[in-house]
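The opening residue of the sequence shown carries number 1 in the UniProt record's numbering; numbering runs sequentially from there.
As C-alpha coordinates, the structure follows; a few thoughts come after it.
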Amino acid sequence: MHRILSVNQFRTCEQGSSIAEEELISRAGAAVVQELVSRFPKSPVLVLCGPGNNGKDGAVIANLLRDKGWSVRLLCYRSNIPDGFALEPDGFVLEEPLIIDSIFGIGLSRPLEEDLSSIVQQINVSGKFVVSVDIPTGINSDTGEVMGAAIKADLTVTFSCLKLGHVISPGRQHSGVVCVKDIGLEVCDSTVSLNSPALWEKSMARLSYKSHKYNRGYAAICSLGIRSIGAVKLASLAALRTGPGAVAVACEEDEVVLYASTLLSVMYKAHEEIIRDEKVTSILIGPGGELSDASIKNKVLNVLESGDRGYVLDAGALSVFKDCSDILFKSISKKRVVLTPHEGEFERLFPGLKGTVVERARAATTISNAIVVLKGHDTVIASPEGRVVVNNNAPCALATIGSGDVLAGMITGLIATGMNEFDAACCAVWVHGECGKKYRLGLIAEDIISQISEVLSAL
(Lines of atoms letter the chains of each structure in order from A and count residues from 1; the text may use other names and numbers.)
(Lines give C-alpha, C1' and ligand atoms only; values in the text may rest on other atoms or scores of the structure.)
Protein backbone atom coordinates (compact mmCIF):
# COMPACT_ATOMS: atom_id res chain seq x y z
CA MET A 1 0.00 0.00 0.00
CA HIS A 2 1.39 3.41 -1.00
CA ARG A 3 0.79 6.12 1.58
CA ILE A 4 0.88 9.71 0.33
CA LEU A 5 2.32 12.46 2.52
CA SER A 6 2.32 16.23 2.42
CA VAL A 7 5.60 18.13 2.71
CA ASN A 8 4.92 18.98 6.36
CA GLN A 9 4.10 15.37 7.19
CA PHE A 10 7.29 14.16 5.54
CA ARG A 11 9.38 16.80 7.31
CA THR A 12 7.89 15.61 10.60
CA CYS A 13 9.01 12.07 9.78
CA GLU A 14 12.53 13.33 9.02
CA GLN A 15 12.72 15.39 12.20
CA GLY A 16 11.53 12.48 14.32
CA SER A 17 14.06 10.08 12.84
CA SER A 18 17.21 8.99 14.64
CA ILE A 19 19.04 9.01 11.29
CA ALA A 20 21.25 12.07 10.80
CA GLU A 21 20.47 14.42 7.90
CA GLU A 22 23.79 13.74 6.15
CA GLU A 23 23.18 10.01 6.38
CA LEU A 24 19.70 10.40 4.84
CA ILE A 25 21.25 12.41 1.98
CA SER A 26 23.87 9.71 1.47
CA ARG A 27 21.21 6.98 1.43
CA ALA A 28 19.01 8.95 -0.97
CA GLY A 29 21.86 9.42 -3.43
CA ALA A 30 22.80 5.75 -3.20
CA ALA A 31 19.18 4.72 -3.80
CA VAL A 32 19.02 6.78 -6.99
CA VAL A 33 22.30 5.31 -8.24
CA GLN A 34 21.04 1.80 -7.52
CA GLU A 35 17.99 2.52 -9.67
CA LEU A 36 20.07 4.05 -12.47
CA VAL A 37 22.50 1.14 -12.61
CA SER A 38 19.62 -1.36 -12.72
CA ARG A 39 17.94 0.46 -15.61
CA PHE A 40 20.68 1.85 -17.83
CA PRO A 41 23.98 0.74 -19.31
CA LYS A 42 27.01 2.81 -18.36
CA SER A 43 26.73 6.08 -20.29
CA PRO A 44 27.59 9.80 -20.06
CA VAL A 45 25.32 11.60 -17.61
CA LEU A 46 24.61 15.24 -16.79
CA VAL A 47 23.80 15.91 -13.12
CA LEU A 48 22.05 19.21 -12.33
CA CYS A 49 22.23 20.30 -8.70
CA GLY A 50 20.45 23.07 -6.80
CA PRO A 51 21.21 24.93 -3.58
CA GLY A 52 19.39 22.77 -1.02
CA ASN A 53 19.35 19.17 0.15
CA ASN A 54 18.09 18.04 -3.24
CA GLY A 55 21.28 19.45 -4.71
CA LYS A 56 23.29 17.57 -2.08
CA ASP A 57 21.54 14.37 -3.20
CA GLY A 58 22.73 15.17 -6.71
CA ALA A 59 26.33 15.62 -5.57
CA VAL A 60 26.24 12.18 -3.92
CA ILE A 61 24.80 10.70 -7.12
CA ALA A 62 27.54 12.29 -9.24
CA ASN A 63 30.33 10.98 -6.99
CA LEU A 64 28.93 7.46 -6.79
CA LEU A 65 28.47 7.25 -10.56
CA ARG A 66 32.05 8.41 -11.09
CA ASP A 67 33.23 5.72 -8.70
CA LYS A 68 31.43 3.20 -10.91
CA GLY A 69 33.20 4.48 -14.01
CA TRP A 70 30.43 6.63 -15.48
CA SER A 71 31.29 9.83 -17.30
CA VAL A 72 29.67 12.61 -15.24
CA ARG A 73 29.30 16.33 -15.89
CA LEU A 74 28.11 18.29 -12.85
CA LEU A 75 26.37 21.66 -13.22
CA CYS A 76 25.25 23.63 -10.18
CA TYR A 77 22.47 26.21 -9.91
CA ARG A 78 23.26 28.77 -7.22
CA SER A 79 25.27 26.27 -5.18
CA ASN A 80 28.96 25.72 -4.48
CA ILE A 81 29.28 21.96 -4.77
CA PRO A 82 32.91 20.90 -5.34
CA ASP A 83 33.80 19.88 -8.91
CA GLY A 84 30.65 21.52 -10.24
CA PHE A 85 30.34 24.25 -12.86
CA ALA A 86 27.77 27.02 -12.85
CA LEU A 87 24.43 26.15 -14.44
CA GLU A 88 23.43 29.13 -16.59
CA PRO A 89 21.05 29.44 -19.54
CA ASP A 90 23.62 31.11 -21.80
CA GLY A 91 25.83 28.50 -23.38
CA PHE A 92 23.86 25.65 -21.79
CA VAL A 93 24.54 22.58 -23.94
CA LEU A 94 22.92 19.18 -23.53
CA GLU A 95 25.36 16.57 -24.78
CA GLU A 96 24.67 13.60 -22.53
CA PRO A 97 21.82 11.14 -23.25
CA LEU A 98 20.87 10.96 -19.55
CA ILE A 99 20.02 13.95 -17.33
CA ILE A 100 19.65 13.82 -13.54
CA ASP A 101 17.41 16.62 -12.26
CA SER A 102 18.44 17.33 -8.67
CA ILE A 103 17.83 21.08 -8.64
CA PHE A 104 14.78 21.56 -6.40
CA GLY A 105 12.89 18.94 -4.42
CA ILE A 106 9.73 18.78 -2.35
CA GLY A 107 10.40 22.04 -0.50
CA LEU A 108 9.79 24.31 -3.50
CA SER A 109 7.00 26.81 -2.80
CA ARG A 110 7.69 29.69 -5.21
CA PRO A 111 7.84 30.01 -9.01
CA LEU A 112 11.17 29.28 -10.67
CA GLU A 113 13.37 32.23 -11.56
CA GLU A 114 13.44 33.25 -15.22
CA ASP A 115 16.96 31.91 -15.82
CA LEU A 116 16.08 28.47 -14.43
CA SER A 117 12.78 28.42 -16.32
CA SER A 118 14.76 28.89 -19.53
CA ILE A 119 16.99 25.93 -18.66
CA VAL A 120 13.96 23.78 -17.80
CA GLN A 121 12.37 24.55 -21.16
CA GLN A 122 15.57 23.58 -22.97
CA ILE A 123 15.64 20.26 -21.12
CA ASN A 124 11.99 19.54 -21.87
CA VAL A 125 12.45 19.88 -25.64
CA SER A 126 15.81 18.09 -25.75
CA GLY A 127 14.49 14.56 -26.16
CA LYS A 128 16.94 13.34 -23.50
CA PHE A 129 15.94 10.82 -20.83
CA VAL A 130 15.37 12.77 -17.61
CA VAL A 131 15.46 11.32 -14.10
CA SER A 132 14.17 13.62 -11.34
CA VAL A 133 15.29 13.20 -7.75
CA ASP A 134 12.37 13.21 -5.28
CA ILE A 135 10.08 15.32 -7.50
CA PRO A 136 10.57 17.15 -10.82
CA THR A 137 12.01 20.63 -10.38
CA GLY A 138 9.19 23.18 -10.58
CA ILE A 139 6.39 20.95 -9.27
CA ASN A 140 4.69 21.91 -6.01
CA SER A 141 4.83 18.75 -3.93
CA ASP A 142 1.56 19.47 -2.09
CA THR A 143 -0.60 20.53 -5.03
CA GLY A 144 0.95 19.11 -8.19
CA GLU A 145 0.97 22.62 -9.66
CA VAL A 146 3.64 23.84 -12.06
CA MET A 147 5.50 26.71 -10.40
CA GLY A 148 6.07 28.78 -13.53
CA ALA A 149 7.92 26.00 -15.35
CA ALA A 150 8.69 22.38 -14.48
CA ILE A 151 10.87 19.51 -15.63
CA LYS A 152 9.05 16.77 -17.55
CA ALA A 153 10.72 13.67 -16.16
CA ASP A 154 10.66 10.20 -17.67
CA LEU A 155 11.43 8.70 -14.26
CA THR A 156 11.16 10.13 -10.76
CA VAL A 157 12.96 8.43 -7.88
CA THR A 158 11.45 9.47 -4.57
CA PHE A 159 12.09 8.34 -1.02
CA SER A 160 10.06 6.45 1.58
CA CYS A 161 6.61 7.39 0.25
CA LEU A 162 4.72 9.16 -2.50
CA LYS A 163 4.00 12.87 -2.25
CA LEU A 164 0.75 14.48 -3.42
CA GLY A 165 2.55 16.18 -6.32
CA HIS A 166 3.40 12.78 -7.82
CA VAL A 167 -0.24 11.76 -8.20
CA ILE A 168 -2.18 15.00 -8.76
CA SER A 169 -2.16 16.61 -12.20
CA PRO A 170 -0.18 18.22 -13.70
CA GLY A 171 2.52 16.92 -11.35
CA ARG A 172 1.48 13.39 -12.21
CA GLN A 173 2.22 13.95 -15.89
CA HIS A 174 5.54 15.66 -15.16
CA SER A 175 6.72 12.85 -12.87
CA GLY A 176 6.69 10.06 -15.44
CA VAL A 177 7.21 6.65 -13.86
CA VAL A 178 7.56 7.09 -10.09
CA CYS A 179 9.82 4.73 -8.16
CA VAL A 180 9.66 4.81 -4.34
CA LYS A 181 12.93 3.82 -2.65
CA ASP A 182 13.31 2.80 1.00
CA ILE A 183 16.08 4.74 2.76
CA GLY A 184 15.29 3.49 6.26
CA LEU A 185 13.08 6.41 7.24
CA GLU A 186 10.01 5.39 9.23
CA VAL A 187 7.01 6.97 7.54
CA CYS A 188 4.31 8.39 9.79
CA ASP A 189 0.67 7.47 9.33
CA SER A 190 -1.28 9.19 6.60
CA THR A 191 -4.99 9.23 5.81
CA VAL A 192 -4.20 9.62 2.08
CA SER A 193 -3.31 6.56 -0.03
CA LEU A 194 -2.82 5.65 -3.65
CA ASN A 195 -5.62 3.47 -4.99
CA SER A 196 -4.66 -0.15 -5.55
CA PRO A 197 -6.17 -3.61 -4.94
CA ALA A 198 -4.18 -3.87 -1.70
CA LEU A 199 -6.64 -1.40 -0.15
CA TRP A 200 -9.87 -3.25 -0.86
CA GLU A 201 -9.24 -6.69 -2.36
CA LYS A 202 -9.92 -8.55 0.89
CA SER A 203 -13.43 -7.11 1.13
CA MET A 204 -14.48 -8.36 -2.30
CA ALA A 205 -17.25 -10.96 -2.42
CA ARG A 206 -16.28 -14.59 -3.03
CA LEU A 207 -18.54 -17.24 -4.53
CA SER A 208 -19.39 -20.41 -2.62
CA TYR A 209 -21.55 -23.48 -3.11
CA LYS A 210 -24.18 -21.76 -0.95
CA SER A 211 -24.54 -18.84 -3.35
CA HIS A 212 -27.86 -18.02 -4.95
CA LYS A 213 -28.92 -14.95 -6.86
CA TYR A 214 -30.26 -12.96 -3.93
CA ASN A 215 -27.55 -13.67 -1.36
CA ARG A 216 -25.00 -12.62 -3.98
CA GLY A 217 -26.58 -9.17 -3.89
CA TYR A 218 -29.45 -7.35 -5.55
CA ALA A 219 -28.80 -3.99 -7.21
CA ALA A 220 -31.45 -1.62 -8.54
CA ILE A 221 -30.99 1.15 -11.10
CA CYS A 222 -33.67 3.84 -11.24
CA SER A 223 -34.89 5.07 -14.59
CA LEU A 224 -35.66 8.78 -14.78
CA GLY A 225 -37.76 8.66 -17.91
CA ILE A 226 -37.30 7.85 -21.58
CA ARG A 227 -34.34 10.21 -22.02
CA SER A 228 -32.37 8.34 -19.35
CA ILE A 229 -32.68 4.93 -21.00
CA GLY A 230 -29.20 4.85 -22.56
CA ALA A 231 -27.50 5.83 -19.31
CA VAL A 232 -29.57 3.37 -17.28
CA LYS A 233 -28.76 0.54 -19.69
CA LEU A 234 -25.04 1.23 -19.35
CA ALA A 235 -25.24 1.41 -15.56
CA SER A 236 -27.30 -1.80 -15.36
CA LEU A 237 -24.89 -3.79 -17.53
CA ALA A 238 -21.93 -2.46 -15.57
CA ALA A 239 -23.60 -3.42 -12.28
CA LEU A 240 -24.26 -6.94 -13.58
CA ARG A 241 -20.61 -7.39 -14.54
CA THR A 242 -19.38 -6.59 -11.01
CA GLY A 243 -20.95 -9.70 -9.51
CA PRO A 244 -24.39 -9.26 -7.90
CA GLY A 245 -26.81 -12.11 -8.45
CA ALA A 246 -29.65 -9.83 -9.52
CA VAL A 247 -30.07 -6.41 -11.09
CA ALA A 248 -33.38 -4.68 -11.63
CA VAL A 249 -34.35 -1.49 -13.44
CA ALA A 250 -36.97 0.56 -11.61
CA CYS A 251 -39.08 2.07 -14.38
CA GLU A 252 -42.56 2.89 -15.64
CA GLU A 253 -44.54 0.11 -17.32
CA ASP A 254 -44.42 1.79 -20.74
CA GLU A 255 -40.60 1.87 -20.57
CA VAL A 256 -40.16 -1.88 -20.09
CA VAL A 257 -40.30 -2.68 -23.79
CA LEU A 258 -37.52 -0.14 -24.45
CA TYR A 259 -35.22 -1.95 -22.01
CA ALA A 260 -36.22 -5.58 -22.44
CA SER A 261 -35.11 -5.90 -26.06
CA THR A 262 -31.46 -5.41 -25.09
CA LEU A 263 -31.15 -6.06 -21.34
CA LEU A 264 -32.01 -9.75 -21.18
CA SER A 265 -30.43 -10.45 -17.78
CA VAL A 266 -32.19 -7.60 -15.97
CA MET A 267 -35.55 -7.52 -14.21
CA TYR A 268 -38.02 -4.63 -14.53
CA LYS A 269 -40.13 -3.40 -11.66
CA ALA A 270 -42.03 -0.31 -10.57
CA HIS A 271 -40.17 2.28 -8.47
CA GLU A 272 -42.35 1.72 -5.40
CA GLU A 273 -41.92 -2.04 -5.61
CA ILE A 274 -38.15 -1.66 -5.72
CA ILE A 275 -37.80 0.67 -2.76
CA ARG A 276 -40.12 -1.50 -0.63
CA ASP A 277 -38.20 -4.69 -1.46
CA GLU A 278 -35.91 -5.51 1.47
CA LYS A 279 -33.88 -7.88 -0.70
CA VAL A 280 -32.52 -4.89 -2.66
CA THR A 281 -29.05 -4.18 -1.24
CA SER A 282 -28.11 -1.11 -3.28
CA ILE A 283 -29.85 1.52 -5.39
CA LEU A 284 -28.48 3.90 -8.01
CA ILE A 285 -30.39 6.98 -9.08
CA GLY A 286 -29.37 9.81 -11.35
CA PRO A 287 -27.85 8.55 -14.63
CA GLY A 288 -29.45 10.29 -17.57
CA GLY A 289 -31.39 12.71 -15.37
CA GLU A 290 -31.68 16.28 -16.61
CA LEU A 291 -30.94 19.35 -14.52
CA SER A 292 -34.16 20.98 -15.70
CA ASP A 293 -36.37 18.08 -14.55
CA ALA A 294 -37.63 19.22 -11.14
CA SER A 295 -39.50 15.93 -10.60
CA ILE A 296 -36.17 14.14 -10.11
CA LYS A 297 -35.71 15.87 -6.77
CA ASN A 298 -38.77 14.21 -5.27
CA LYS A 299 -37.82 10.83 -6.75
CA VAL A 300 -34.38 11.03 -5.16
CA LEU A 301 -35.77 11.99 -1.75
CA ASN A 302 -38.39 9.24 -2.00
CA VAL A 303 -35.72 6.63 -2.76
CA LEU A 304 -33.55 7.84 0.13
CA GLU A 305 -36.45 7.44 2.56
CA SER A 306 -36.51 3.68 1.96
CA GLY A 307 -34.61 0.93 3.81
CA ASP A 308 -31.11 0.44 5.16
CA ARG A 309 -29.01 -0.18 2.07
CA GLY A 310 -26.26 1.47 0.04
CA TYR A 311 -27.21 4.37 -2.23
CA VAL A 312 -25.30 5.84 -5.15
CA LEU A 313 -26.29 9.30 -6.42
CA ASP A 314 -24.97 10.35 -9.81
CA ALA A 315 -25.51 13.00 -12.49
CA GLY A 316 -29.08 14.35 -12.40
CA ALA A 317 -29.62 13.21 -8.82
CA LEU A 318 -26.90 15.67 -7.82
CA SER A 319 -27.47 18.57 -10.19
CA VAL A 320 -31.15 19.01 -9.34
CA PHE A 321 -30.13 20.05 -5.83
CA LYS A 322 -28.24 23.08 -7.06
CA ASP A 323 -29.17 26.00 -4.76
CA CYS A 324 -30.86 23.63 -2.30
CA SER A 325 -28.15 21.12 -1.45
CA ASP A 326 -29.01 21.39 2.25
CA ILE A 327 -32.20 19.44 1.53
CA LEU A 328 -30.18 16.59 0.05
CA PHE A 329 -27.57 16.61 2.80
CA LYS A 330 -30.24 16.46 5.49
CA SER A 331 -31.81 13.47 3.73
CA ILE A 332 -28.55 11.52 3.47
CA SER A 333 -27.04 12.49 6.83
CA LYS A 334 -27.69 9.08 8.39
CA LYS A 335 -27.63 6.99 5.22
CA ARG A 336 -24.89 4.97 3.49
CA VAL A 337 -24.46 7.15 0.42
CA VAL A 338 -21.90 7.57 -2.34
CA LEU A 339 -21.96 10.78 -4.39
CA THR A 340 -20.20 10.61 -7.78
CA PRO A 341 -19.90 14.15 -9.19
CA HIS A 342 -17.65 15.35 -11.97
CA GLU A 343 -16.26 18.87 -11.58
CA GLY A 344 -19.37 20.59 -12.94
CA GLU A 345 -21.76 18.65 -10.71
CA PHE A 346 -19.42 19.12 -7.77
CA GLU A 347 -19.53 22.90 -8.17
CA ARG A 348 -23.34 22.84 -8.29
CA LEU A 349 -23.54 20.80 -5.10
CA PHE A 350 -20.58 22.33 -3.24
CA PRO A 351 -20.21 25.84 -4.68
CA GLY A 352 -17.11 27.85 -3.96
CA LEU A 353 -14.93 25.20 -2.31
CA LYS A 354 -11.25 26.09 -2.76
CA GLY A 355 -8.01 24.14 -2.59
CA THR A 356 -6.53 21.05 -4.18
CA VAL A 357 -8.72 18.24 -5.42
CA VAL A 358 -7.94 16.36 -2.19
CA GLU A 359 -8.84 19.32 0.01
CA ARG A 360 -12.09 19.96 -1.86
CA ALA A 361 -13.15 16.31 -1.74
CA ARG A 362 -12.41 16.24 1.98
CA ALA A 363 -14.44 19.38 2.59
CA ALA A 364 -17.34 17.99 0.56
CA THR A 365 -17.54 14.77 2.52
CA THR A 366 -17.52 16.73 5.78
CA ILE A 367 -20.40 18.90 4.53
CA SER A 368 -22.49 16.04 3.15
CA ASN A 369 -21.57 13.18 5.49
CA ALA A 370 -21.39 11.00 2.37
CA ILE A 371 -18.58 9.29 0.53
CA VAL A 372 -17.56 11.58 -2.32
CA VAL A 373 -16.05 10.32 -5.58
CA LEU A 374 -14.76 13.47 -7.26
CA LYS A 375 -14.26 12.28 -10.82
CA GLY A 376 -11.49 13.48 -13.09
CA HIS A 377 -8.11 12.48 -14.42
CA ASP A 378 -7.04 12.10 -10.78
CA THR A 379 -10.26 10.80 -9.24
CA VAL A 380 -10.34 11.26 -5.47
CA ILE A 381 -12.45 9.15 -3.13
CA ALA A 382 -13.05 10.68 0.32
CA SER A 383 -14.94 9.39 3.34
CA PRO A 384 -16.53 11.21 6.31
CA GLU A 385 -14.09 9.33 8.57
CA GLY A 386 -11.20 11.21 6.96
CA ARG A 387 -9.81 8.59 4.59
CA VAL A 388 -8.78 9.77 1.14
CA VAL A 389 -7.72 7.64 -1.82
CA VAL A 390 -6.23 9.10 -4.99
CA ASN A 391 -6.59 7.12 -8.21
CA ASN A 392 -3.95 7.45 -10.92
CA ASN A 393 -4.47 4.55 -13.34
CA ALA A 394 -7.17 6.07 -15.55
CA PRO A 395 -6.25 6.74 -19.19
CA CYS A 396 -7.48 9.85 -20.99
CA ALA A 397 -9.64 7.66 -23.25
CA LEU A 398 -12.15 7.26 -20.41
CA ALA A 399 -13.28 10.85 -20.96
CA THR A 400 -16.21 9.78 -23.12
CA ILE A 401 -19.98 9.92 -22.90
CA GLY A 402 -21.45 7.17 -20.73
CA SER A 403 -18.20 6.48 -18.89
CA GLY A 404 -19.58 7.98 -15.68
CA ASP A 405 -22.79 5.95 -15.97
CA VAL A 406 -20.68 2.80 -16.18
CA LEU A 407 -18.68 3.79 -13.10
CA ALA A 408 -21.84 4.54 -11.09
CA GLY A 409 -23.25 1.14 -12.06
CA MET A 410 -20.03 -0.58 -11.03
CA ILE A 411 -20.05 1.06 -7.60
CA THR A 412 -23.70 0.08 -7.13
CA GLY A 413 -23.05 -3.52 -8.16
CA LEU A 414 -20.09 -3.89 -5.82
CA ILE A 415 -22.05 -2.44 -2.89
CA ALA A 416 -24.81 -4.94 -3.65
CA THR A 417 -22.34 -7.83 -3.32
CA GLY A 418 -21.55 -6.79 0.24
CA MET A 419 -18.52 -4.53 -0.08
CA ASN A 420 -18.66 -1.48 2.16
CA GLU A 421 -19.38 1.72 0.27
CA PHE A 422 -15.87 3.19 0.50
CA ASP A 423 -14.11 0.03 -0.65
CA ALA A 424 -16.68 -0.44 -3.41
CA ALA A 425 -16.05 3.08 -4.69
CA CYS A 426 -12.27 2.62 -4.61
CA CYS A 427 -12.49 -0.78 -6.30
CA ALA A 428 -14.83 0.46 -9.02
CA VAL A 429 -12.69 3.50 -9.80
CA TRP A 430 -9.54 1.38 -10.09
CA VAL A 431 -11.19 -1.35 -12.20
CA HIS A 432 -12.77 1.33 -14.39
CA GLY A 433 -9.29 2.72 -15.05
CA GLU A 434 -7.85 -0.70 -15.85
CA CYS A 435 -10.71 -1.40 -18.26
CA GLY A 436 -9.79 1.67 -20.28
CA LYS A 437 -6.11 0.84 -20.70
CA LYS A 438 -6.68 -1.45 -23.66
CA TYR A 439 -8.02 1.42 -25.75
CA ARG A 440 -6.88 4.79 -27.06
CA LEU A 441 -8.95 6.72 -29.60
CA GLY A 442 -12.38 5.24 -30.22
CA LEU A 443 -13.14 3.95 -26.72
CA ILE A 444 -16.89 3.92 -26.01
CA ALA A 445 -18.67 3.18 -22.76
CA GLU A 446 -19.66 -0.31 -23.89
CA ASP A 447 -15.95 -1.15 -24.29
CA ILE A 448 -15.41 -0.48 -20.59
CA ILE A 449 -18.23 -2.86 -19.66
CA SER A 450 -16.77 -5.58 -21.89
CA GLN A 451 -13.55 -5.58 -19.82
CA ILE A 452 -15.00 -5.52 -16.28
CA SER A 453 -15.31 -9.27 -15.75
CA GLU A 454 -11.81 -9.92 -17.10
CA VAL A 455 -10.20 -7.30 -14.86
CA LEU A 456 -12.08 -8.48 -11.76
CA SER A 457 -11.28 -12.13 -12.47
CA ALA A 458 -7.57 -11.31 -12.61
CA LEU A 459 -7.57 -9.98 -9.03
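All C-beta atoms, glycine included, are put in the ideal place defined by N, C-alpha and C.
Handout entry: Below-9 Å beta-carbon distance, Ala-248 vs any chain B residue
Key = As a matter of chain content, chain B is missing from the structure shown, which is built from one protein chain.
Exercise for the section: Assign Val-177 to one of two classes, buried (16 or more other C-beta atoms within 10 Å of its C-beta) or exposed (fewer than that). Expected result: Label assigned to Val-177: exposed.
Problem - As assigned by DSSP and simplified to three states, the class of Leu-339 - result: strand
Exercise for the section: Please report how far the alpha carbon of Ala-408 lies from the alpha carbon of Asp-314, in whole angstroms. Expected result: 7 Å
Practice task
Return the residue from the list Ile-411, Gly-52, Pro-170, Ile-332 that minimises the CA-CA distance to Ile-449.
Solution key: Ile-411
Practice task
Using the Cα positions of Glu-255 and Gln-9, report the straight-line distance between them to the nearest angstrom.
Solution key: Their backbone Cα atoms lie some 54 Å apart in a straight line.
Exercise for the section: Compute the Euclidean distance between the alpha carbons of Ser-397 and Gly-69, then round it to the nearest angstrom. Expected result: First, the residue type needs correcting, since residue 397 is Ala and not Ser in the sequence shown. Distance between the alpha carbons of Ala-397 and Gly-69 is about 44 Å.
Practice task
For Leu-64, collect the residues of the same chain with a Cβ closer than 8 Å to its Cβ; drop the 5 residues on either side in sequence, then sort them by chain order.
Solution key: Gly-29, Ala-30, Val-33
Handout entry: N-terminal and C-terminal residue of the beta strand (DSSP E) that Met-204 is part of
Key = No beta strand (DSSP E) holds Met-204; DSSP gives it neither H nor E.
Practice task
Taking 9 Å as the cut-off, decide whether the C-beta atoms of Pro-244 and Leu-459 are in contact.
Solution key: no
Problem - Touch test, the segment 318-327 against the segment 336-354, Cβ-Cβ under 8 Å, three pairs minimum - result: Output reads yes: the segment 336-354 touches the segment 318-327.
Handout entry: For Gly-442, the residue or residues it bridges with in DSSP
Key = Arg-440
Handout entry: Option in Cys-188, Ala-220, Asp-142 with minimal Cα separation from Ser-236
Key = Ala-220
Problem - Assigned secondary structure, Leu-301 (DSSP; H/G/I helix, E/B strand, else coil) - result: Of the three classes helix, strand and coil, the one that applies to Leu-301 here is helix, per DSSP.
Exercise for the section: Return the residue from the list Ser-132, Leu-199, Glu-35, Gly-225 that minimises the CA-CA distance to Glu-290. Expected result: It is Gly-225.
Exercise for the section: Measure the CB-CB distance between Ser-141 and Gly-184 and report whether it falls below 9 Å. Expected result: no
Practice task
Report yes if the C-beta distance between Ser-193 and Arg-387 is below 9 Å; otherwise report no.
Solution key: Closer than 9 Å, so yes.
Problem - DSSP three-state assignment for Phe-40, whether helix, strand or coil - result: coil
Handout entry: Thr-137 and Ile-103 closer than 9 Å at C-beta
Key = yes
Problem - heavy atom of the ligand SAH below 8 Å from Ser-109 C-beta - result: Within the structure as shown, the ligand SAH is missing, as the structure has no ligands at all.
Exercise for the section: Return yes when the Cβ of Ile-61 is within less than 9 Å of the Cβ of Ile-123, no when it is not. Expected result: No, they are not a contact pair.
Practice task
For the segment 108-115 and the segment 141-153, state whether three or more C-beta atom pairs, one from each stretch, are separated by less than 8 Å.
Solution key: yes
Problem - Cut-off 6 Å between Cβ atoms - residues of its own chain near Thr-281, not counting five sequence neighbours on either side - result: Gly-217, Tyr-218, Arg-309, Ala-416
Practice task
Would you be able to state if there are at least three C-beta pairs under 8 Å between the segment 4-24 and the segment 154-162?
Solution key: yes
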